[in-house]
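**Q** Protein chains in written order, with numbering that gives the first Met the number 0: chain A, 0 to 180; chain B, 0 to 180.
Take a look at this one; I'll ask things after.
Protein chains: 2
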Amino acid sequence: MKRSSLEYALLGLLRQKPQSGYDLRKAFASTPLRHFSDSPGSIYPALRRLQVRQWVSAAAENGSRRRRQEFIVTSAGARALVAWLRQPVTRDDVIWRLDELVLRFAFLDGNVDRPDSLRFLEEFEQDLAGYVHELRQFEKDFDPQHRSTTGYMAFKHGVDSYQNELQWVRHVRKEFAEVLS
Amino acid sequence: MKRSSLEYALLGLLRQKPQSGYDLRKAFASTPLRHFSDSPGSIYPALRRLQVRQWVSAAAENGSRRRRQEFIVTSAGARALVAWLRQPVTRDDVIWRLDELVLRFAFLDGNVDRPDSLRFLEEFEQDLAGYVHELRQFEKDFDPQHRSTTGYMAFKHGVDSYQNELQWVRHVRKEFAEVLS
DNA sequence: GTGCACATGTAATGTGTTACATGATTAT
DNA sequence: ATAATCATGTAACACATTACATGTGCAC
Numbered sequence: 000m001k002r003s004s005l006e007y008a009l010l011g012l013l014r015q016k017p018q019s020g021y022d023l024r025k026a027f028a029s030t031p032l033r034h035f036s037d038s039p040g041s042i043y044p045a046l047r048r049l050q051v052r053q054w055v056s057a058a059a060e061n062g063s064r065r066r067r068q069e070f071i072v073t074s075a076g077a078r079a080l081v082a083w084l085r086q087p088v089t090r091d092d093v094i095w096r097l098d099e100l101v102l103r104f105a106f107l108d109g110n111v112d113r114p115d116s117l118r119f120l121e122e123f124e125q126d127l128a129g130y131v132h133e134l135r136q137f138e139k140d141f142d143p144q145h146r147s148t149t150g151y152m153a154f155k156h157g158v159d160s161y162q163n164e165l166q167w168v169r170h171v172r173k174e175f176a177e178v179l180s
Numbered sequence: 000m001k002r003s004s005l006e007y008a009l010l011g012l013l014r015q016k017p018q019s020g021y022d023l024r025k026a027f028a029s030t031p032l033r034h035f036s037d038s039p040g041s042i043y044p045a046l047r048r049l050q051v052r053q054w055v056s057a058a059a060e061n062g063s064r065r066r067r068q069e070f071i072v073t074s075a076g077a078r079a080l081v082a083w084l085r086q087p088v089t090r091d092d093v094i095w096r097l098d099e100l101v102l103r104f105a106f107l108d109g110n111v112d113r114p115d116s117l118r119f120l121e122e123f124e125q126d127l128a129g130y131v132h133e134l135r136q137f138e139k140d141f142d143p144q145h146r147s148t149t150g151y152m153a154f155k156h157g158v159d160s161y162q163n164e165l166q167w168v169r170h171v172r173k174e175f176a177e178v179l180s
């Protein structure tokens, strides 16, 4: 069940617009975001996996003689994407897969309805707030003497990063809540 | 040459204090930070690799009859760690390996001198500032209509994250510069 | 005497990275 | 003509994850 986030990223992009592997590579290369490699060695095999799983289907384009295949998301693929988006947000997601949560957020639009989006953000905020609280607790308890200075600073910076993330989620959630009411 | 950051994380921790694989696992499990798994399947093989490369040496402990081996960093290992820390910071590091840069920062203490630390921070700030500028540029240029709303928000959030990171680096660099002068 | 923490490992699997490879079309 | 871009792929390699496996010492 646990698929790589690259596969979902491809699926999400293909939902927005059917395109070729090359197009997707360019999207990753030009979009300054999201840490997906534009190397053919990652994207083409991933597309192949999606195709085998029948989450996308390939249509050979013959507009030009140049070889090129566009991928489109099948209905099964769309269901899989929505299921991924609708998954409950867990504490582990917040700790280990924060990037994936942001990716899920990015694809909410057009794939799930507003109540679902709001629920996603509420869970996100809840778990993130809980984790930030834990980190603050840990920060208070531990003895700064035992750590190196830069080590301690790096730790505090980590906590601040999560705090910033939390502020963003709160802000976004409020926006969503307003529009809904 | 490109070693996994897990290996350097282990090396850095072992430099701070010789300890066993189990101790390191506990450190990863209890420290709420840095996304290293505490699974034996990652740590023990990594230690083995370090040992084969002679960056650490294992000393069997026989204080108790319980089996346990402590690892200590060899001089070659220490040199490798320092070489890793002293590497120039590149744009690619900033984009693809930000976490590794923070990890390097955490281990500066006790391994490189202040001028080297300062140089690290200067390069970090430079490259990060350049990248943030690029992102802002990209943000201005592209057409918000073509993207989904949440997609656009996620992008802006990404930029903000980098901006926050930059602020932190600037702040830390100033602290370091003051102490040095 | 049973369960828990200590302590170390291996095997299967999936997947990302890098490098290599091929060929078509367009621009200069 | 030749370089750049379009377009797709494979192979080798390293690595992380997960699950499984084994055994010791201590506390209750």
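Glycine included, C-beta positions come from ideal geometry on N, C-alpha and C.
So, helix, strand or coil for residue 69 (chain B), using DSSP?
**A** Walking along the second sequence from the start, residue 69 (chain B) turns up at place 70. The answer is strand: DSSP assigns residue 69 (chain B) an E or B state.
**Q** Measure the alpha-carbon distance for residue 24 (chain B) versus residue 97 (chain B) and round it to whole angstroms.
**A** For the purposes of this step, residue 24 (chain B) is identified with residue 25 of the second sequence, where counting begins at 1. For the purposes of this step, residue 97 (chain B) is identified with residue 98 of the second sequence, where counting begins at 1. Each residue's Cα considered, the two are about 23 Å apart.
**Q** Taking 8 Å as the CB-CB cut-off, is residue 111 (chain A) touching chain B?
**A** In the first sequence, residue 111 (chain A) corresponds to position 112, counting from 1. By this cut-off, residue 111 (chain A) is not an interface position.
**Q** What are the start and end residues of the beta strand (DSSP E) that includes residue 55 (chain A)?
**A** By 1-based counting over the first sequence, the position of residue 55 (chain A) is 56. Start and end: 55–59.
**Q** From residue 32 (chain B) to residue 167 (chain B), what distance separates their C-alpha atoms?
**A** As a position in the second sequence, residue 32 (chain B) is number 33, starting the count at 1. As a position in the second sequence, residue 167 (chain B) is number 168, starting the count at 1. Going by the C-alpha atoms only, they are around 17 Å apart.
**Q** Let me make sure I understand the geometry here. Which of B:171, B:163, B:146 has the alpha-carbon closest to that of residue 182 (chain B)?
**A** Lying outside 0 to 180, the shown extent of chain B, residue 182 (chain B) is not represented and no answer is given.
**Q** If you draw a straight line from the C-alpha of residue 112 (chain A) to the C-alpha of residue 136 (chain A), how long is it?
**A** Numbered from 1 along the first sequence, position 113 holds the residue referred to as residue 112 (chain A). Numbered from 1 along the first sequence, position 137 holds the residue referred to as residue 136 (chain A). Each residue's Cα considered, the two are about 36 Å apart.
**Q** In its own chain, which residues sit with a C-beta less than 6 Å from the C-beta of residue 88 (chain B), not counting the 5 before and 5 after it?
**A** Along the second sequence, one-based indexing puts residue 88 (chain B) at 89. Counting only Cβ-Cβ distances below 6 Å, and skipping sequence neighbours, we find 122, 123, 126.
**Q** On a Cα-Cα basis, can you pick out the residue from B:139, B:140, B:116, B:163 that is closest to residue 178 (chain B)?
**A** By 1-based counting over the second sequence, the position of residue 178 (chain B) is 179. For the residues B:139, B:140, B:116, B:163, the minimum Cα distance to residue 178 (chain B) belongs to B:116.
**Q** Thinking just about the alpha-carbon of each residue, which of A:4, A:53, A:59, A:60 is nearest to the one in residue 42 (chain A)?
**A** One-based indexing of the first sequence puts residue 42 (chain A) at position 43. Residue A:4 is the option with its Cα nearest to residue 42 (chain A).
**Q** Can you name the residues of chain A whose CB is closer than 7 Å to the CB of residue 148 (chain B)?
**A** Taking the first residue of the second sequence as 1, we reach residue 148 (chain B) at position 149. Under the 7 Å cutoff, chain A gives 108.
**Q** When the cut-off is 8 Å and only beta carbons count, does residue 157 (chain B) lie next to chain A?
**A** Position 158 of the second sequence, counting from 1, holds the residue named residue 157 (chain B). Answer yes: the Cβ-Cβ gap between residue 157 (chain B) and chain A drops below 8 Å somewhere.
**Q** Between residue 54 (chain B) and residue 79 (chain B), which are expected to be in contact by the criterion C-beta below 8 Å, what is the C-beta distance as a whole number of angstroms?
**A** Here residue 54 (chain B) is taken as the residue at index 55 of the second sequence, counted from 1. Here residue 79 (chain B) is taken as the residue at index 80 of the second sequence, counted from 1. Confirmed, about 6 Å.
**Q** Mind listing, in chain order, the continuous alpha helix (DSSP H) runs of no fewer than 4 residues lying wholly within the segment 26–52 of chain B?
**A** You should have 39–51.
**Q** Below 7 Å on C-beta distance, what does residue 137 (chain B) contact in chain A?
**A** As a working note, residue 137 (chain B) is residue 138 in the second sequence. Within chain A, the residues near residue 137 (chain B) are 31.
**Q** Just the C-alpha distance for residue 22 (chain A) and residue 13 (chain A), rounded to the nearest angstrom, thanks.
**A** The sequence position of residue 22 (chain A) within the first sequence is 23, counting from 1. The sequence position of residue 13 (chain A) within the first sequence is 14, counting from 1. Taking the straight line joining both Cα atoms gives about 10 Å.
**Q** Determine, using beta carbons only, whether residue 171 (chain A) comes closer than 8 Å to chain B.
**A** Counting from 1 along the first sequence, the entry for residue 171 (chain A) is found at position 172. Cβ-Cβ to chain B under 8 Å: yes for residue 171 (chain A).
**Q** Just verifying my parser: in three-state terms, what is the DSSP assignment at residue 162 (chain B)?
**A** Here residue 162 (chain B) refers to the residue found at position 163 when the second sequence is read from its first residue. Correct three-state label for residue 162 (chain B): helix.
**Q** Assuming residue 156 (chain B) contacts residue 101 (chain A) under a Cβ cut-off of 8 Å, what Cβ separation, rounded to an integer in Å, is found between them?
**A** Against the second sequence, residue 156 (chain B) aligns to sequence position 157. Against the first sequence, residue 101 (chain A) aligns to sequence position 102. Contact flag correct, Cβ pair sits at about 7 Å.
**Q** Out of B:133, B:76, B:175, state which residue places its alpha-carbon closest to the alpha-carbon of residue 29 (chain A).
**A** For the purposes of this step, residue 29 (chain A) is taken as the residue at position 30 of the first sequence. Among B:133, B:76, B:175, the Cα nearest to that of residue 29 (chain A) belongs to B:133.
**Q** Following a CB-centred definition, is residue 98 (chain B) positioned closer than 7 Å to any heavy atom of the ligand FMN?
**A** As far as ligands go, the structure on display features none, and thus does not contain the ligand FMN.
**Q** What in chain B is Cβ-close to residue 153 (chain A), meaning under 7 Å?
**A** By one-based count along the first sequence, residue 153 (chain A) stands at place 154. The answer, in chain order, is 101, 104, 105.
**Q** Below 7 Å CB to CB, which residues in the same chain sit around residue 128 (chain B) once its five sequence neighbours on both sides are set aside?
**A** Taking the second sequence and counting its residues from 1, the one referred to as residue 128 (chain B) is at position 129. Answer for residue 128 (chain B): 165, listed in chain order.
**Q** Quick one: list the residues of chain A neighbouring residue 9 (chain B), beta-carbon separation under 8 Å, in chain order.
**A** Position 10 of the second sequence holds residue 9 (chain B). What residue 9 (chain B) touches in chain A: nothing, since even the nearest Cβ is about 14 Å away.
**Q** Taking the alpha-carbon of residue 154 (chain A) as reference, which of B:149, B:153, B:148, B:105 has the nearest alpha-carbon?
**A** For the purposes of this step, residue 154 (chain A) is identified with residue 155 of the first sequence, where counting begins at 1. For residue 154 (chain A), the nearest C-alpha among the options comes from B:105.
**Q** Can you give the Cα-Cα distance for residue 110 (chain B) and residue 70 (chain B), rounded to whole angstroms?
**A** The count along the second sequence starts at 1 and reaches residue 110 (chain B) at position 111. The count along the second sequence starts at 1 and reaches residue 70 (chain B) at position 71. The alpha-carbon atoms of residue 110 (chain B) and residue 70 (chain B) are separated by roughly 18 Å.
**Q** What's the gap between the Cα of residue 10 (chain B) and the Cα of residue 92 (chain B)?
**A** The sequence position of residue 10 (chain B) within the second sequence is 11, counting from 1. The sequence position of residue 92 (chain B) within the second sequence is 93, counting from 1. If you take the alpha carbons of residue 10 (chain B) and residue 92 (chain B), they lie about 20 Å apart.
**Q** Would you kindly work out how many angstroms separate the C-alpha atoms of residue 86 (chain B) and residue 74 (chain A), rounded to a whole number?
**A** By one-based count along the second sequence, residue 86 (chain B) stands at place 87. By one-based count along the first sequence, residue 74 (chain A) stands at place 75. Using only the alpha carbons, I get a separation of about 49 Å.
**Q** Quick check on this structure: which residue in A:130, A:16, A:162 has the alpha carbon closest to the alpha carbon of residue 72 (chain A)?
**A** Within the first sequence, the letter at position 73 stands for residue 72 (chain A). Here the closest residue by C-alpha is A:16.
**Q** Kindly provide the ranges of any alpha helix (DSSP H) runs that are 4 or more residues long and lie completely inside the segment 89–160 of chain A, ordered along the chain.
**A** Runs of the alpha helix (DSSP H) inside the segment 89–160 of chain A: 90–95, 97–107, 113–140.
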